[in-house]
Amino acid sequence: MDIKISKAVLLSSMVLLGGILLFSCKSSGQQDQQQEMPPQQLPVLTITPTTATTFTEFTTSLQGKVNVEVRPQVDGYLQKVYVDEGQFVKAGQPLFKIDDRVYREQVNTATAALHSAEANLSNAQLEIDKLTPLVQNKVVSEVQLKTAKASYQTAKANVESAKAMVASAQINVGYSTITAPVSGYIGRLTQRVGSLVGKTTTEPLTVLTDVSEIYGYFSVGEADFMRFKERYQGNTLEEKLRNVPGVTLILADGSEYPQKGKVQMGEGQFDKATGSISLRATFPNSGGILRSGNTGKIRLVQTVNEALVVPQESTVEMQDKIFVYLLADSNKVKATPITVSGKSGTTYVVTSGIKQGDKVVFTGIGNLQDGMKIVPKPMNADSTLKVQLSMK
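Residue numbers 27 to 418, in my numbering, belong to the letters of the sequence shown in order.
See below:
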């Protein structure tokens, strides 16, 4: 019985050992086959200078030319609302009506006080007229005339004060009708008919926005700002800004706003916290398509002569850097970082990292590694353009 078991164990061990040897030989053969795989053939583009139109984009928030908070100047119950949210109104058009009965009564009271003051002034004048000949004839002393004249001046001052009170009361009556300070669009209405409003109300009744022109504010870093100033002619920053060509507004859906904008200076100094400065682009908006609160991107365009460009599909981003694979000696590739100043269509404009005459792997770089050998397939400019157009 023991002999039979030993033979079975020996037979199993031989089978297992044979399997291991067979797997080892197979794996070794696969590795040799992988090592012997020929290098892949990839298209290679020769870098040559060209004229490129670059653009740089900055995130922007849009605001109307004027944003006015409409607030009441007197206290009272809101009696009428003449407008609706989103409605376009003209300057001077009535918006709200506050109950003005108490203010009209104040006008009546002030007017009555004015009439009383005017009567006192007349009496004071009569007293002067009566005493003047008596003083001249030395019937009464001159002191009485001086006293009468002083009373006249007091009465005259009371008349002026009463007139001011009437004017003030009339102003309050005028404030009870709230009109549009500028032409524009009505925002959200925060109060309704019957609401008690006043000068201490926290929220404005509405916000009136003049969007005949739209301002797009965007922030530029210090380095970008210095390059921005070097691009355009002029002795001063104001002159340079006047020479900046029209800028494009890219809307939130990716479409271009049909009218060009003009860059203007925003803030007068850099923000210490962010290291950036705010600029402003002004866009005409006669159709009212744009509104305050819209977002988008400001696109600045520049033409660069003798520019070195590489297609975007020939680059790879790693750790916030952009790399290309240059063809080095023995047809080996070398991962090389480049500095990009902007985009021109589907290409990057490169300021450093490559030079004229360098050969860059055009496509198929996803599996490349530094030092890997390839079979280069030269490409000319025409074939490159065709490939780029087909990828759009």
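Backbone N, C-alpha and C fix where the C-beta goes; we use that ideal spot for every residue, glycine too.
Please read all numbers here as calculations on a predicted model, not as lab measurements.
Thinking C-alpha only, which one of the options is nearest residue i?
{"i": "K403", "options": "V336, V70, A138", "result": "V70"}
{"i": "F81", "options": "G200, G118, G220, R257", "result": "R257"}
{"i": "T77", "options": "G383, T373, S378, D384", "result": "T373"}
{"i": "Q290", "options": "A150, P271, I315, A299", "result": "P271"}
{"i": "S221", "options": "F254, D101, K266", "result": "D101"}
{"i": "K91", "options": "I197, R317, K266", "result": "R317"}
{"i": "K385", "options": "A299, N393, A361", "result": "A361"}
{"i": "G224", "options": "E131, R130, V96", "result": "V96"}
{"i": "D155", "options": "E131, L171, G112, Q66", "result": "L171"}
What whole-angstrom Cβ distance do residue i and residue j have, given they're in contact under 8 angstroms?
{"i": "L231", "j": "P98", "result": "7 angstroms"}
{"i": "T205", "j": "L121", "result": "6 angstroms"}
{"i": "S302", "j": "S245", "result": "4 angstroms"}
{"i": "V115", "j": "S209", "result": "7 angstroms"}
{"i": "V376", "j": "V387", "result": "At roughly 15 angstroms, the Cβ-Cβ gap does not stay under 8 angstroms, so V376 and V387 are not in contact."}
{"i": "F309", "j": "Y283", "result": "7 angstroms"}
{"i": "K106", "j": "V219", "result": "7 angstroms"}
{"i": "V233", "j": "G213", "result": "4 angstroms"}
{"i": "Y243", "j": "Q89", "result": "7 angstroms"}
{"i": "Q151", "j": "Y178", "result": "6 angstroms"}
Going by DSSP in three states, residue i sits in which element: helix, strand or coil?
{"i": "E131", "result": "helix"}
{"i": "P159", "result": "helix"}
{"i": "D355", "result": "helix"}
{"i": "K385", "result": "strand"}
{"i": "K164", "result": "coil"}
{"i": "L47", "result": "Note that L47 scores 46 on pLDDT, short of 50, meaning its location in the model is unreliable; the coordinates nonetheless yield the value given after this. Three-state result, L47: helix."}
{"i": "I154", "result": "helix"}
{"i": "L394", "result": "coil"}
{"i": "S54", "result": "With a pLDDT of 49 at S54, under the threshold of 50, the predicted position of this residue should be treated as unreliable, and no value is reported."}
{"i": "A143", "result": "helix"}
{"i": "L277", "result": "strand"}
{"i": "N331", "result": "strand"}
{"i": "S340", "result": "helix"}
{"i": "A299", "result": "coil"}
{"i": "A361", "result": "strand"}
{"i": "S318", "result": "coil"}
{"i": "T226", "result": "coil"}
{"i": "T216", "result": "coil"}
{"i": "S238", "result": "strand"}
{"i": "S148", "result": "helix"}
{"i": "M405", "result": "strand"}
Are the CB atoms of residue i and residue j nearer to each other than 9 angstroms?
{"i": "L275", "j": "A249", "result": "no"}
{"i": "T228", "j": "V94", "result": "no"}
{"i": "V192", "j": "V133", "result": "yes"}
{"i": "I240", "j": "N311", "result": "yes"}
{"i": "D396", "j": "V359", "result": "yes"}
{"i": "T79", "j": "V237", "result": "no"}
{"i": "A278", "j": "G313", "result": "no"}
{"i": "L334", "j": "K381", "result": "yes"}
{"i": "S356", "j": "K399", "result": "yes"}
{"i": "Y108", "j": "I124", "result": "no"}
{"i": "T72", "j": "G383", "result": "yes"}
{"i": "A139", "j": "A183", "result": "no"}
{"i": "F84", "j": "I364", "result": "no"}
{"i": "V401", "j": "L68", "result": "yes"}
{"i": "N146", "j": "A190", "result": "no"}
{"i": "L160", "j": "V169", "result": "no"}
{"i": "V185", "j": "A143", "result": "yes"}
Assuming residue i is part of the alpha helix (DSSP H), what are its boundary residues?
{"i": "Q253", "result": "At residue 253 the sequence reads Arg, which differs from the Gln that was named. Taken as a continuous stretch (DSSP letters only), the alpha helix (DSSP H) holding R253 covers 248-257."}
{"i": "Y201", "result": "168-201"}
{"i": "K266", "result": "263-268"}
Could you spell out where the beta strand (DSSP E) holding residue i opens and where it closes?
{"i": "S83", "result": "The displayed chain sequence assigns Glu, not Ser, to residue 83. Taken as a continuous stretch (DSSP letters only), the beta strand (DSSP E) holding E83 covers 76-96."}
{"i": "L104", "result": "102-107"}
{"i": "R306", "result": "302-310"}
{"i": "L68", "result": "67-72"}
{"i": "G371", "result": "Premise fails: G371 is in no beta strand (DSSP E) and is neither H nor E."}
{"i": "T121", "result": "Residue identity differs from the one stated: residue 121 is Leu in this sequence, not Thr. That run of the beta strand (DSSP E) goes 120-124."}
{"i": "K399", "result": "It is not in any beta strand (DSSP E) - K399 carries neither H nor E in the DSSP assignment."}
{"i": "Q290", "result": "288-291"}
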